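This report refers to the structure that appears directly beneath it.
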Amino acid sequence: GRSGTTEVDCADGPLRVLHLVAAPPPRLLVFGAVDFSAALADAAALLGYRVTVCDARPAFATRARFPSAHEVVVEWPDEYLARTEVDARTVICVLTHDDRFDVPLLVAALRLPVAFVGAMGSRATHERRRARLVEEGMTDAELARLHSPVGLDIGASSPQETAVSILAEVLAARAGTAGAPLTTTTGPIHGETA
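Residue 61 in full-length UniProt numbering sits at position 61 of the sequence shown, with consecutive numbering throughout.
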């Protein structure tokens, strides 16, 4: 919900009531301890996400490599996802590029009531991964929730640019917008006006 005021009619006249919504920050679960993950963790932390980076490889999943993450976990990604709490605002980004991690993780993630599930990779990687997910029994409805290749087409190439691309798609998806340039849209920029 949103914070704001509401006017209530009372016997002594109208009463203005302030209601303040104080929700915890949304979570971003980043799977794969790669350079793109570090840039994504940095950018997401600036946007107020509580970031967790998870990878099964202890040499890569270190606090030194991910200083802006709230949590760095060394564990098989699908096992971590099975034991951690998620909600309707949780964002999951899979950046591992390894089917041993990706497939079981995506099977679990796409069946959870989370806001967004994205996976990085080329179109060929996406097609191979999608075929494996079908083999694992994923339905068309479940597969339709997968944002892959993740990110908006902004010409990103560096880890930092790719992080912006991914987060732009996440924000658009969570807001229910197309992520189109404002010059091609009409109406209020920031939603409905009072």
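Heads up, the beta-carbon is just placed ideally off N, CA and C, and yes, glycines get one too.
Predicted model, so just to flag it, every value in this text is computed and none were measured.
Between the alpha carbons of PHE116 and GLY48 lies a distance of about 16 Å. In this structure, the alpha-carbon of GLY179 lies about 25 Å from that of VAL86. For ALA45 and VAL134, the gap between their C-alpha atoms comes out near 34 Å.
If you ignore the 5 residues before and after VAL34, its C-beta comes within less than 7 Å of the C-beta of LEU95, all in its own chain and listed in chain order. Cβ contact annotation for ALA39 (same chain, cutoff 6 Å, sequence separation greater than five): PRO159, GLN160 and ALA163, in chain order. DSSP assignment within the UniProt domain "XdhC Rossmann" (28 to 170) yields the following whole alpha helix (DSSP H) runs of 4 residues or more, N-terminal first: 35 to 46, 77 to 83, 99 to 109, 123 to 135 and 140 to 144. Apart from the 5 residues on each side of it in sequence, HIS126 sits with its Cβ closer than 6 Å to the Cβ of SER148 and PRO149 in its chain, given in chain order.
In chain order, THR5 and GLU7 place their CB closer than 6 Å to the CB of ARG16, counting only its own chain and leaving out the 5 sequence neighbours on each side. Non-local C-beta neighbours of HIS70 in its own chain, meaning closer than 7 Å and more than five positions away in sequence, comprise ARG50, VAL51 and THR52, ordered along the chain. In this structure, the beta-carbon distance from ARG111 to GLU142 falls below 8 Å. ALA119 places its beta carbon less than 8 Å from that of LEU146.
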